[in-house]
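J.: Residue numbers (my numbering), protein chains in the order written: chain E, 1 to 200; chain X, 201 to 400; chain H, 401 to 600; chain S, 601 to 800. The C-beta atom is built at its ideal place from N, Cα and C for all residues, glycine as well. Structure provided below as structure tokens; questions to follow.
And the structure:
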């Protein structure tokens, strides 16, 4: 029987990443204002745009990294597929706290909303680190052609993930808006930094 | 003309599995509480989280098994594609009873909601067994390279499916909450047990 | 530069088919009845289930045929991609009239709802026939290895499509329920009949 | 380690294009009229159909062009993936202004709605041009086998994009309906014109 390849894991993961990112737009809505007030309403809902862009870029960056790291993985086992499933479960959940941020960022409830959002991202970072640790320990699922130096480069890319989202989580208790903006900056700047540190 | 390959069946199936799993999050919602009550509301809707995790893992496990079993299948015919379509029809329906469980698990209507949920999963298990039986009988669609021992291992993986979901269905009449928790445990533990029994 | 292959057309088409089919479930909803009335409400909305199954199978059958017929097509041009896009535009629209059927089949407005539904399917059948005619005329996009007999078999599969959906459309003016049931039967029986007539 | 191929970028992009296009249908809805008024209501919401067709074809045409142009691209780097992600972020946002157009085109608020719609498409055209410029400058990501004449043909296809959507944007301030119709015509006629100018 053919071995468990990585192609179909990637296909399913790509699907969940793409759908979760695209569903985010459904969370944006105006409360049917009269036409004359539409312009003002579109400005008033700026937290929806901030939350949309932050979550879309965050999911996108995870996807790019998932793509990048899967290249080091030569085969999969069922435990790995289960960890991957838990990671996707968390990613697919992101639209819900994103909507909370969109709806509550400007008034009371903003701390609760952003704490829920940050907790979802922190769990994601933790699951993603476990995902990599499982595959990498003893080169369990690593393609034999991949060099140790390449694995260490990926390790360096993972290292700041959990600490940074822990900072976001703590910051949510102090300043919810700052925590969302930091999340956006992480997504926007993770790419170049990942290029600096994680590439060969 | 090229033969009906299995690649595009997998692509369409992966799509439906991934979308059905990701749509589940749309079922989670808070009834626009005031900000001060958001925290309490997020705790109050715990059945939404339970239903989300249960359905996501269940769909994910079916997907992993579908993936696993398709590797034994060498080609497809139209009847097989139709059975696969019925299976996907049931999987794509799961978000609806999931929402019923999320909305009604804590009050009157909980039996009705969980019975509908369990019935959907029982039909799924039955269709999936038919799916495998059709392909396997007389090695109708089996790849010639796959050994009988491998097929018997997959058979053993299928054997508990219908009986277990029948237990869930019966349990739904007695204790709806216990039926949902059993469904979650089945999804969470099916993976290791499948590893023990179904693998070479 | 690489030629326009058919693989990515299939990927995009598969995506739209799978998403349109899976979105159908979002159209099913109960109007938040009290728990005691949930069972009655779940029976009352039977048109939602009928509409869901009918549309899911119809989209699924088109997908299976699309899959089947793409195997005869060796390459694509931009006009073909545009016709394919119009076909997908119509397929992706199906959830809207499906919801109309679900909501109005049992009372006044049932004719209007089913006429809109049947018109959408008739346009689909017409666009799909144009899709095939364009590729097939003068073997414009046909793989050189495909025999004329195979093309004629596919022709026979297409022949009844527009007439049958025209019957559904006319029937919608007389008996909306009968028109929906006929649509379901077409989807359920098209597969075996296609096997009889269109296969080698 | 395997190089960053273009296959998975295409898979993720195809996913977002397909989902964004298919989600558009969720924006179409009738406000639960009584059955007797359903026919009138279905006519009254013509802006929903216009907005649906315009956005679906626009997303479809971008997808066809994305497909076409990816064939010239031999490999990807992280910056390119990030630009691609921003492009998808904008494409996935389209359902929101599409709904604004559907809801407000016929009354006050029509200018605001169509300006938001046109701005989204203008940003898309700009990001897409940057996407191509980045890959093409100094043949940074171009497949070595692609000839300069082919690249210049693609350049000619990109040239009118930003100016045309700028015209739509300006027109939105004068006549919102005309701006939407022009957008539809651009999508409907871009294909043949692209065939005339961009093909070998």
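For residue 53 of chain E, would you say it is in contact with chain S, using Cβ-to-Cβ distances shorter than 8 Å as the test?
T.: It does: the Cβ of residue 53 of chain E has a partner Cβ on chain S nearer than 8 Å.
J.: Leaving aside the five residues before and after residue 100 of chain E along the sequence, list all residues of the same chain whose C-beta is less than 7 Å from its C-beta, in chain order.
T.: 113, 116, 117
J.: So, residue 172 of chain E versus residue 179 of chain E, is the Cβ gap smaller than 8 Å?
T.: yes
J.: Hey, does residue 728 of chain S have any beta-carbon neighbour from chain E nearer than 8 Å?
T.: For residue 728 of chain S, the answer is no, since every Cβ of chain E falls outside 8 Å of its Cβ.
J.: Looking at the secondary structure, which residues open and close the alpha helix (DSSP H) in which residue 427 of chain H lies?
T.: Looking at the DSSP string, residue 427 of chain H is not in any alpha helix (DSSP H), and its letter there is neither H nor E.
J.: Look at the alpha carbon of residue 65 of chain E and the alpha carbon of residue 498 of chain H, and state the distance between them as a whole number of angstroms.
T.: Between the alpha carbons of residue 65 of chain E and residue 498 of chain H lies a distance of about 39 Å.
J.: Give me the Cα-Cα distance between residue 505 of chain H and residue 645 of chain S, rounded to the nearest whole angstrom.
T.: Near 20 Å, if we compare the C-alpha coordinates of residue 645 of chain S and residue 505 of chain H.
J.: Within its chain, find whatever has a CB closer than 7 Å to the CB of residue 654 of chain S; leave out the 5 residues flanking it on each side and keep chain order.
T.: 780, 783, 784, 787
J.: Go through its chain and collect everything with a Cβ distance to residue 327 of chain X's Cβ below 8 Å, but skip five positions before and after it.
T.: 283, 286, 287, 290
J.: Kindly confirm or deny that the region 456-475 of chain H and the region 548-564 of chain H touch, where touching means at least three C-beta pairs closer than 8 Å.
T.: yes
J.: State the Cα-Cα distance for the pair residue 545 of chain H and residue 481 of chain H, rounded to the nearest angstrom.
T.: 22 Å
J.: Can you give me the start and stop residues for the alpha helix (DSSP H) that residue 275 of chain X sits inside?
T.: Looking at the DSSP string, residue 275 of chain X is not in any alpha helix (DSSP H), and its letter there is neither H nor E.
J.: Would you report the Cα separation of residue 308 of chain X and residue 693 of chain S, rounded to the nearest angstrom?
T.: Using only the alpha carbons, I get a separation of about 40 Å.
J.: Is the CB-CB distance between residue 416 of chain H and residue 618 of chain S below 8 Å?
T.: yes
J.: Got a sec, what are the start and stop residues for the alpha helix (DSSP H) residue 761 of chain S sits in?
T.: 761-774
J.: Name the residues in the region 10-23 of chain E whose C-beta lies less than 8 Å from a C-beta of chain S; which are they?
T.: 10, 11, 14, 15, 17, 18, 19, 21, 22, 23
J.: Does the CB of residue 250 of chain X have a neighbour CB from chain E at under 8 Å?
T.: Not closer than 8 Å to any Cβ of chain E, the Cβ of residue 250 of chain X fails to qualify, so no.
J.: What in chain S is Cβ-close to residue 60 of chain E, meaning under 7 Å?
T.: 685
J.: Taking any Cβ of chain E, which residues in the region 289-321 of chain X have a Cβ under 8 Å from it, in chain order?
T.: So the list is empty, because no residue satisfies the distance condition.
J.: Return the chain-ordered ranges of every alpha helix (DSSP H) run that is complete within the region 663-739 of chain S and spans a minimum of 4 residues.
T.: 678-693, 695-704, 710-736
J.: For residue 14 of chain E, count neighbouring Cβ atoms within 10 angstroms of its own Cβ and tell me buried if that reaches 16, exposed if not.
T.: Only buried fits residue 14 of chain E, as 16 or more other CB atoms lie within 10 angstroms of its CB.
J.: Helix or strand or just coil, what does DSSP make of residue 245 of chain X?
T.: Coil, per DSSP.
J.: Evaluate residue 549 of chain H with the Cβ neighbour count: other Cβ atoms within 10 Å of its Cβ, from every protein chain shown; 16 or more gives buried, anything less gives exposed.
T.: exposed
J.: Write down the C-beta distance between residue 421 of chain H and residue 456 of chain H rounded to the nearest angstrom, noting that I regard them as a contact closer than 8 Å.
T.: 5 Å
J.: Leaving out five residues on either side along the sequence, give the residues of the same chain with a beta carbon under 7 Å from the beta carbon of residue 159 of chain X.
T.: Summary: the structure shown does not reach residue 159 of chain X, with chain X confined to residues 201 through 400, and so no result is reported for it.
J.: Give a yes or no on whether the minimum CB-CB distance between residue 670 of chain S and chain E is below 8 Å.
T.: Chain E, which has no Cβ nearer than 8 Å to the Cβ of residue 670 of chain S, makes this no.
J.: Near residue 203 of chain E, what residues of its chain come up, given a Cβ to Cβ distance below 8 Å and the 5 sequence neighbours on each side ignored?
T.: What is shown of chain E runs 1 to 200, which leaves residue 203 of chain E out entirely.
J.: Is the Cβ-Cβ distance between residue 412 of chain H and residue 663 of chain S less than 8 Å?
T.: yes
J.: Which stretch, first to last residue, makes up the alpha helix (DSSP H) that contains residue 435 of chain H?
T.: Premise fails: residue 435 of chain H is in no alpha helix (DSSP H) and is neither H nor E.
J.: Measuring only the C-alpha atoms, how far is residue 368 of chain X from residue 234 of chain X?
T.: 38 Å
J.: Could you list which residues in chain E have their beta carbon closer than 7 Å to that of residue 724 of chain S, in chain order?
T.: At a C-beta separation below 7 Å, residue 724 of chain S has no neighbours in chain E, since its nearest C-beta there lies roughly 14 Å away.
J.: Can you pull the chain H residues whose beta carbon is under 7 Å from the beta carbon of residue 636 of chain S, in chain order?
T.: 508, 509
J.: Determine which residues share a DSSP beta bridge with residue 142 of chain E and list them.
T.: E:73
J.: Using three-state DSSP, classify residue 658 of chain S as helix, strand or coil.
T.: Residue 658 of chain S falls in the helix class under three-state DSSP.
J.: Could one say the Cβ of residue 67 of chain E lies closer than 8 Å to chain S's Cβ atoms, at least one of them?
T.: Yes - at least one Cβ of chain S is within 8 Å of the one on residue 67 of chain E.
J.: Does DSSP put residue 583 of chain H in a helix, a strand or coil?
T.: helix
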